[in-house]
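In the numbering used here, the protein residues as written are 51 to 260.
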């Protein structure tokens with residue numbers, strides 16, 4: 051039987067909400083779920099936050115307006131990561147795009163430009179030719195991109211993401227996972243901006259448990 055855990059917290063979203071302060075109660079099973087088997091994190095010394103997304107997902111695109119600035123305000127003890135969902139087809143293609151850009155250590159603005167191109171620019175980016183053409187427009191070396199696209203490290207990251215998604219029990223995006231223990235989505239959080247607030251509460255919960 052699931053145990054309801056109620057947390058009362060005051061959240062201050064400095065970069066997103068200015069000086070706005072709001073209180074929120076989180077109920078386990080309603081606002082987040084606790085994974086039955088905790089998933090190992092990439093950096094055990096830090097509290098991990100994984101944002102699972104898809105470039106083709108309009109809600110993932112909308113969440114970026116809250117997620118991107120929030121991620122820059124996180125403390126040193128938090129490791130924020132994005133992870134593309136691999137649901138097959140174009141989802142896998144976009145996942146490979148993300149990991150190629152990550153392996154090349156491109157500026158995060160390129161990541162956002164992919165979102166913008168798909169949702170505002172009428173670009174489907176549904177083939178490698180389309181993708182390489184678009185990436186070249188962003189100032190990314192086309193030859194190096196193609197080489198990295200086919201690299202073992204990118205393919206390995208894709209396989210790792212698929213396994214993690216299964217361990218997290220991901221069925222939709224956007225979804226956030228805190229420290230390999232707690233999973234929630236925008237609907238559970240109550241909205242786009244509320245999503246980062248729920249993440250803040252669960253991050254603090256992990257700090258207090260150490």
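Here a beta-carbon is modelled for each residue, glycine too, at the ideal position from N, C-alpha and C.
Where the alpha helix (DSSP H) through residue i begins and ends
{"i": "residue 142", "result": "140-153"}
{"i": "residue 168", "result": "158-169"}
{"i": "residue 208", "result": "202-218"}
{"i": "residue 186", "result": "178-187"}
{"i": "residue 194", "result": "192-199"}
Residue range of the unbroken beta strand (DSSP E) whose run includes residue i
{"i": "residue 109", "result": "Careful: residue 109 lies outside any beta strand (DSSP E), inside the alpha helix (DSSP H) at 108-121."}
Inter-residue Cα distance where the pair is residue i and residue j
{"i": "residue 71", "j": "residue 243", "result": "Because residue 71 carries a pLDDT of 31, less than 50, the predicted location of this residue cannot be relied on, and the following value inherits that uncertainty. Using only the alpha carbons, I get a separation of about 13 Å."}
{"i": "residue 249", "j": "residue 232", "result": "9 Å"}
{"i": "residue 73", "j": "residue 181", "result": "With a pLDDT of only 42 at residue 73, under 50, the local geometry of the prediction cannot be trusted, and the value read off the model is given with reservation. Whole-angstrom Cα-Cα distance: 43 Å."}
{"i": "residue 201", "j": "residue 240", "result": "40 Å"}
{"i": "residue 122", "j": "residue 247", "result": "14 Å"}
{"i": "residue 65", "j": "residue 116", "result": "With a pLDDT of 34 at residue 65, under the threshold of 50, the predicted position of this residue should be treated as unreliable, though the coordinate-derived value follows. If you take the alpha carbons of residue 65 and residue 116, they lie about 10 Å apart."}
{"i": "residue 84", "j": "residue 218", "result": "10 Å"}
{"i": "residue 139", "j": "residue 253", "result": "34 Å"}
{"i": "residue 203", "j": "residue 135", "result": "17 Å"}
{"i": "residue 260", "j": "residue 159", "result": "35 Å"}
{"i": "residue 124", "j": "residue 162", "result": "19 Å"}
{"i": "residue 169", "j": "residue 102", "result": "18 Å"}
{"i": "residue 142", "j": "residue 205", "result": "11 Å"}
{"i": "residue 257", "j": "residue 188", "result": "39 Å"}
{"i": "residue 119", "j": "residue 113", "result": "11 Å"}
{"i": "residue 255", "j": "residue 179", "result": "46 Å"}
{"i": "residue 194", "j": "residue 245", "result": "36 Å"}
{"i": "residue 82", "j": "residue 192", "result": "41 Å"}
{"i": "residue 86", "j": "residue 171", "result": "41 Å"}
{"i": "residue 251", "j": "residue 99", "result": "12 Å"}
{"i": "residue 207", "j": "residue 137", "result": "15 Å"}
{"i": "residue 263", "j": "residue 164", "result": "The structure shown does not extend to residue 263, since the chain spans only 51 to 260, so no value can be given for it."}
Bridge partners - residue i, DSSP secondary structure assignment
{"i": "residue 235", "result": "225"}
{"i": "residue 89", "result": "In the DSSP output, where bridge partners are listed per residue, residue 89 has none listed."}
{"i": "residue 129", "result": "98"}
{"i": "residue 246", "result": "Looking at the DSSP assignment, residue 246 forms no beta bridge with any residue, so it has no partner."}
{"i": "residue 82", "result": "78"}
{"i": "residue 103", "result": "134"}
Any non-hydrogen atom of the ligand COA within 6 Å of residue i CB
{"i": "residue 125", "result": "For the ligand COA, the structure offers nothing, since it holds no ligand at all."}
Meets three-Cβ-pair contact criterion under 8 Å: the segment 152-162 and the segment 90-99: The segment 152-162 vs the segment 90-99: no contact.
Meets three-Cβ-pair contact criterion under 8 Å: the segment 182-199 and the segment 208-220: The segment 208-220 and the segment 182-199 do not touch, with fewer than three beta-carbon pairs separated by less than 8 Å.
Inter-stretch contact (C-beta, 8 Å, three-pair minimum) for the segment 78-86 and the segment 102-109: Contact between the segment 78-86 and the segment 102-109 is absent, because fewer than three Cβ pairs lie under 8 Å.
Stretch pair the segment 168-178 + the segment 139-148: three plus CB contacts closer than 8 Å: Touching, yes, given that three or more Cβ pairs across the two stretches are closer than 8 Å.
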